[in-house]
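**Q**
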Amino acid sequence: MQTGNMTALVLGATGLVGRELVRQLLADGRYTRVTCLLRRPLNEFSHPKLTVVQADFGLLQEYEGYFKADHLYICLGTTMKKAGSREAFRRVDFDYVHIAAQLARAQKVKSLVWISSVGADAGSSSFYLRTKGELENAIFRIPGLGPAAAVRPSLLLGKRSEARPLEQLGMLLGRLLGPLMRGPLAKYRPVPAAQVASQMIGLQRFD
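Taking full-length UniProt numbering, the leading residue of the sequence shown gets 1, the next gets one more, and so forth.
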């Protein structure tokens, strides 16, 4: 791995992809500093390159100084069950991510990558997919924003810190049916969180 002096800011480092992303960033010689803004403590990592800041995402503008980084990684997301309402879900999956992209523009971040979803479509009848699609449109329309990319994973594979019975069932079925998902269906195959994290890093601008 080549060495460098890049810096990264990660939002949502306690999630399935976020945890794997932090591991990969800390092992990546191109980065000299990795900063994580989190809603709850991150106790599983200890590294000289790592800075952890517990933040109130409802007041994200107050943390604008931390956005002075080369790369921004956004892994924020919740579920309808955890959020409790459509409004609360949209606050996390749309508002927080959109504000973060605006702060990245203000601080001249070189490039940013965030997690969207397979099937994201602003015209979808699904509230979840419609929200994801509207967010993609909103971020790509931010004037003056540097290169931005959305990864669109299907069902994520990996060990979560919380039990999600329906998702676990989906992962089991996905593993069984995955080999049959070819052509247009290939994008719906379950994907390991580590692969998504690696894809996110690969989409950043290093020149």
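Here a beta-carbon is modelled for each residue, glycine too, at the ideal position from N, C-alpha and C.
Predicted model, so just to flag it, every value in this text is computed and none were measured.
Just to confirm, are V53 and V113 a CB contact at a threshold of 8 Å?
**A** Locating residue 53 in the sequence shown gives position 53, counting from the first residue. Locating residue 113 in the sequence shown gives position 113, counting from the first residue. Taking 8 Å as the Cβ cut-off, V53 and V113 do not qualify as a contacting pair.
**Q** Using 10 angstroms around the beta-carbon of H47, count the other beta-carbons present and answer buried if the total reaches 16, otherwise exposed.
**A** Counting from 1 along the sequence shown, the entry for residue 47 is found at position 47. Classification of H47: exposed, given that the 10 Å Cβ count is below 16.
**Q** With respect to 7 Å, is the separation between the Cβ of A101 and the closest non-hydrogen atom of the ligand HEM below this value?
**A** As far as ligands go, the structure on display features none, and thus does not contain the ligand HEM.
**Q** To the nearest angstrom, how far is the alpha carbon of P147 from that of E136?
**A** As a position in the sequence shown, residue 147 is number 147, starting the count at 1. As a position in the sequence shown, residue 136 is number 136, starting the count at 1. Distance between the alpha carbons of P147 and E136: 13 Å.
**Q** When the Cα of P153 is compared with those of L145, G119 and G84, which residue comes out closest?
**A** By 1-based counting over the sequence shown, the position of residue 153 is 153. Closest option to P153, Cα to Cα, is G119.
**Q** Of all the options Y73, A138 and G123, which has the alpha carbon lying nearest to the alpha carbon of V22?
**A** Walking along the sequence shown from the start, residue 22 turns up at place 22. Of the candidates Y73, A138 and G123, the one whose C-alpha sits nearest the C-alpha of V22 is Y73.
**Q** Kindly indicate if chain C contains any beta-carbon less than 8 Å away from that of A27.
**A** No chain C appears in this structure, which consists of one protein chain only.
**Q** Note the first and the last residue of the continuous beta strand (DSSP E) segment covering Y73.
**A** Counting from 1 along the sequence shown, the entry for residue 73 is found at position 73. Start and end: H71 to I74.
**Q** Tell me which residues share the same chain as S126 and place their Cβ nearer than 7 Å to its Cβ, disregarding the 5 neighbours each side in the sequence.
**A** Taking the first residue of the sequence shown as position 1, residue 126 is located at position 126. No residues qualify anywhere along the chain.
**Q** Check this for me: beta carbons of T14 and R30, under 8 Å apart or not?
**A** The residue labelled residue 14 in the question sits at position 14 within the sequence shown. The residue labelled residue 30 in the question sits at position 30 within the sequence shown. No, they are not a contact pair.
**Q** Looking only at its own chain, which residues have a Cβ that is under 6 Å from the Cβ of D70, when we skip the five neighbours before and after it?
**A** Here residue 70 corresponds to residue number 70 of the sequence shown, with the count starting at 1. Answer for D70: M6, T7 and K110, listed in chain order.
**Q** Quick check on the DSSP output: the beta strand (DSSP E) that includes R33 runs from which residue to which?
**A** For the purposes of this step, residue 33 is identified with residue 33 of the sequence shown, where counting begins at 1. Residues Y31 to L38.
**Q** In or out: D93 buried (at least 16 other Cβ within 10 Å) or exposed?
**A** On the sequence shown, residue 93 is found 93 positions in, with the first residue counted as 1. Under this definition D93 is a buried residue.
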